[in-house]
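Reviewing the structure listed below.
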Amino acid sequence: MNIHDPGDGPKLPAVASATANQRGQQHELRQAKDEAFSAFYRATVRSLVGFLINQGAAVPVAADIAQDTMLSAYERWNTIDRPRAWVHTVASRALLRKMVSCEEQPVEQVPETTSLLADTDMIGEWEARHDLLPLLRALPDRQRQVLAWALSGFTPGDIADQLGMSDEAVRASLYKARRAVTAAIKGREEGQ
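The numbering used here applies: residue 8 is where the sequence shown begins, and numbers increase by one.
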């Protein structure tokens, strides 16, 4: 006796269809993630390099740290609540680790240019046009760090949250940094 219920038909195509739907949804989610991250990357990476330069990094070092930070951000993209603050925090910490490690990595040739590092001749011209860089580099580390965050558009409250400082300490460091930069600019002008 052959008992056959038409409802017991082949289930394999239904499973394959469900798996295909899942793959399609995963593809759409990944595509949405890639598009969102790409927009964030384009809007943020150059200013992140500038932020690191303002903290005392050389241009090639700043570009490398920014790229590494962006790679980490992409890997964690779905778990990051405030991506702009996150990349600035991670990059700042990476720069501090690099500065503290005191590792020298001599090279025989200047690294090849990338989209983040324009023509190497242009780097020197860019630095020369930015008179603020030598002034920033003359500041104590904490003042330079806090001022770099402020120049990147973060409020004292944001800076305090990201650096684990009190609002008062951030405001005091900003005040001292701005006062020192203003005095240096006045000194330059009087010396001319």
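Even for Gly, the Cβ is constructed at its ideal location relative to N, Cα and C.
Per DSSP, the continuous alpha helix (DSSP H) segment holding P90 begins and ends at 90 to 108. Taking C-alpha positions only, V68 is separated from N28 by approximately 44 Å.
Boundaries of the alpha helix (DSSP H) harbouring W156: 148 to 158, taken from the DSSP string. Taking 8 Å as the cut-off, the Cβ atoms of S159 and S79 do not count as close. Assignment of R83 by DSSP, reduced to helix, strand and coil, places it in the coil class.
Using a Cβ-Cβ distance cut-off of 8 Å, the region 141 to 159 and the region 46 to 62 are in contact, since at least three pairs of beta carbons, one from each stretch, lie closer than that value. A Cβ-Cβ distance of about 13 Å is found for the pair Q74 and L102, leaving them out of contact under the 8 Å criterion.
Within its own chain, the residues whose Cβ lies closer than 7 Å to the Cβ of R91, once the five positions on either side in sequence are excluded, are T51, listed in chain order. Excluding its 5 nearest sequence neighbours in each direction, R144 has C-beta neighbours in its own chain below 6 Å: G63, listed in chain order.
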